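These notes concern the structure reproduced below.
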Amino acid sequence: MVSNCLRFRLHLHPHLSPVSADKAQPGNFSLPTSHILTTNLAVSATHHQHHHFQLLHRSRGRRLCSPPPVMAASQDSAYYDKDTAGLTNDDLRPTTPEQRTFTGLEMASLWVGLVVGVPTYYLAGSLVDLGMAWWQGIATVVAANVILLVPLILTGHPGTHYGISFPVLARSAFGIRGAHVPTLLRALVGCGWFGIETWIGGDAIFLLLPSFLKHASFARSLPWLGTSPLEFACFLVFWMAQMAIIWKGIDGIRDLEKYSAPVLMLLTSSLLCWAYVKAGGLGHMLSLSSRLSSSEFWSLFFPSLTANISFWATVALNIPDFTRYAKTQTDQIVGQAGLPIFMGAFTFVGLAVTSSTKVVFGRVISNPIQLLGQIGGFFTVILAIIGISLATLTTNIAANVVAPANALVNLSPSKFTFRRGALLTALLGIVCQPWRLLQSSESFVYTWLVSYSALLGPIGGIILADYYLVRRTNLNVNDLYSTKPTGSYYYTGGYNLAAMTALIIGILLVIPGFLHKVGILTSISDKFVVFYNNAWFISFFSAAITYWILSSFGGAKRNYQSSDPLLPTTE
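Each residue of the sequence shown is one higher than the one before, starting from 3 at the first, in my numbering.
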């Protein structure tokens, strides 16, 4: 599914091959034709030789600019000057044009793997349980993802254009050192979700075990652990299965994603066909009308919209980690355009199957794992284990491992690799004790989703305001990897105070509502309730506007003539 897009660790960034002016042919350049590049790089740790070469391209009136000083000549040699120390390694370097093999179809396949999962299955059904009509629940999910599609595509642009990951992009707005703040906040949410998804996978193993094992003494819950030893063992089994894939490197992840999409689509269609046949059609689902008055609907709609936006707000931030491998901007846009369709289709399946259980079993079974266990049969159990395992693995590894791992690499490139970062992410997923989180009521899920959107919303707003409004899509790739005080992104000691201020303001506006939601504050102003119910919107736009104003007055450094796009400007 992901095919060649996730080759984070498969290739070092090679030196550009010498190209003479008389041999230049269209399409052979690895940098845009709008540049004249004169490069003098010291390479080859083995022979300590200096290679001097020139890349001559037709100029369109721009000044000379040099490629990022983080390129490596080969897998055995690399040159780092003192200004790039601690800012780069193999996982953080810009991707080369040769690594841009991710087509629109492969990007769409990635989203299929992300969407098909147990949490997505719940989304529309939970809204119907709260009183919405079936079509209102699905429409809310689709509307949220149509809205989210805008920042997804906009944030994906620099990934494709410059070949940079989310941690490197964050350096532009937050500063060379300040970028650790947004990337670690994103990583924290990712670690929490990794634990939750892993517990769901382990729960599938537990529920589908033989009944005599589930009634044994080691299946009883221990107060100090918060769960039973058997359930915890199932959790660890699924955790280790994921680590086995991650430890193989990106090849293992790529192969998993590549072949899972068609299997997941087939299993999802089979479940829908079962529900249709057993329930005698979809009449029961279509008869589910709204139990809410007009005012009640709108009071539920906006926090539900925010919660559904928050569902993929995590990936909307670090989408450059994937789009940096896209062939063109068209590929990343077309591939991501399928998100609302996939989300609407899968939530429809979840709602249709859930409503059919009322007819088939006489009670509503909203948990797909419990449903598959109720259906029974050896063949069904095997399919259930395969289907749920694939659905959880494809979602969890792509959505909740890549971003935290890259954040840790960005924190200390000399100590962390992608593999080490992924391992620490998985360990933190255990520490967060997801079984305790999921023991709470359904309203806690909304508290979890809405509250972390207050962290991710302002980060997204600041990055987009910086990239489009302040810098007009022009980045100096050299300075993204430089600690020189004169660099465009060094700001004040490596921190952009305008971004930090905007981030704090975006979060503060939502804190009173959050404290009220969790019961710490008993009474707050109605406006703070509205702010919290629309946390992503409020934090996103307030932080973006604040940052834009502060940057305009503060005179953020711009260097339009030193932009280093790694794709032709004609794309």
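Glycine residues also receive a C-beta, built at the ideal position from the N, C-alpha and C atoms.
Everything numeric in this text was worked out from a predicted model, so none of it was measured.
Residue i and residue j closer than 7 Å at C-beta
i, j, result
"residue 412", "residue 185", "yes"
"residue 340", "residue 113", "yes"
"residue 162", "residue 334", "yes"
"residue 578", "residue 504", "There is simply no residue 578 to check, as the chain begins at 3 and stops at 573 in what is shown."
"residue 361", "residue 277", "no"
"residue 266", "residue 152", "no"
"residue 174", "residue 477", "yes"
"residue 541", "residue 456", "yes"
"residue 130", "residue 139", "yes"
"residue 204", "residue 436", "no"
"residue 396", "residue 115", "yes"
"residue 506", "residue 514", "no"
"residue 319", "residue 508", "no"
"residue 2", "residue 533", "Nothing about residue 2 can be reported from this structure: the residues present for the chain run from 3 to 573 only."
"residue 271", "residue 392", "no"
"residue 453", "residue 516", "yes"
"residue 546", "residue 353", "no"
"residue 498", "residue 176", "yes"
"residue 336", "residue 106", "yes"
"residue 156", "residue 466", "yes"
"residue 273", "residue 355", "yes"
"residue 325", "residue 158", "yes"
"residue 501", "residue 464", "yes"
"residue 2", "residue 135", "Past the boundaries of the shown model lies residue 2; the chain is included only from 3 to 573, so the question cannot be answered."
Buried versus exposed, by CB contacts within 10 Å (16 or more), residue i
i, result
"residue 555", "exposed"
"residue 217", "exposed"
"residue 553", "buried"
"residue 124", "buried"
"residue 226", "exposed"
"residue 275", "exposed"
"residue 350", "buried"
"residue 70", "Note that residue 70 scores 40 on pLDDT, short of 50, meaning its location in the model is unreliable; the coordinates nonetheless yield the value given after this. Buried."
"residue 288", "exposed"
"residue 188", "buried"
"residue 468", "buried"
"residue 358", "buried"
"residue 367", "buried"
"residue 242", "exposed"
"residue 268", "exposed"
"residue 415", "buried"
"residue 365", "exposed"
"residue 61", "With a pLDDT of 37 at residue 61, under the threshold of 50, the modelled position of this residue cannot be trusted; read the value that follows with caution. Under this definition residue 61 is an exposed residue."
"residue 93", "buried"
"residue 528", "exposed"
"residue 224", "exposed"
"residue 33", "Bear in mind that the predicted position of residue 33 carries a pLDDT of just 36, short of 50, making it unreliable; the figure below should be weighed with that in mind. Buried."
"residue 329", "buried"
"residue 63", "Confidence at residue 63 is low in this model, with a pLDDT of 38, below 50, so its placement is unreliable and the value that follows should be read with caution. By the 10 Å Cβ count, residue 63 comes out exposed."
"residue 566", "For residue 566, the pLDDT reaches just 46, beneath the cut-off of 50, and the residue's location in the model is therefore unreliable, although a value from the coordinates is still provided. Classification for residue 566: buried."
"residue 487", "exposed"
"residue 54", "Because residue 54 carries a pLDDT of 36, less than 50, the predicted location of this residue cannot be relied on, and no value is offered for it."
"residue 308", "buried"
"residue 460", "buried"
Anticipated Cβ contact below 8 Å, residue i with residue j, distance rounded
i, j, result
"residue 316", "residue 120", "Not confirmed; about 17 Å, so no contact."
"residue 410", "residue 426", "6 Å"
"residue 133", "residue 302", "7 Å"
"residue 321", "residue 150", "Wrong, their Cβ atoms sit about 10 Å apart, outside the cutoff."
"residue 206", "residue 390", "4 Å"
"residue 166", "residue 96", "5 Å"
"residue 431", "residue 408", "With a Cβ gap of about 16 Å, residue 431 and residue 408 do not count as contacting."
"residue 2", "residue 208", "With the chain covering 3 to 573 only, the question about residue 2 has no answer from this structure."
"residue 89", "residue 483", "5 Å"
"residue 607", "residue 200", "Outside the shown range of the chain (3 to 573) lies residue 607, about which nothing can therefore be said."
"residue 299", "residue 535", "Rounded, the Cβ-Cβ distance is 14 Å, inconsistent with contact."
"residue 485", "residue 492", "7 Å"
"residue 228", "residue 438", "5 Å"
Interface flag, residue i vs chain C, CB-CB below 7 Å
i, result
"residue 190", "The question asks about chain C, but that chain is absent: this structure has only one protein chain."
In DSSP terms, what residue i is bridged to
i, result
"residue 386", "DSSP lists no partner for residue 386."
"residue 497", "494"
"residue 224", "229"
"residue 328", "104"
Near the ligand MN: residue i beta-carbon under 6 Å from a heavy atom
i, result
"residue 272", "Questions concerning the ligand MN fall outside what the structure shown contains, since it holds no ligand whatsoever."
*Are three or more beta carbon pairs between the region 377–389 and the region 91–108 nearer than 8 Å?*
No contact exists between the region 377–389 and the region 91–108.
- prompt: Would the region 137–147 and the region 341–358 be scored as touching if the rule is three or more Cβ pairs under 8 Å?
  reply: Yes: the two stretches touch, three or more of their Cβ pairs being nearer than 8 Å.
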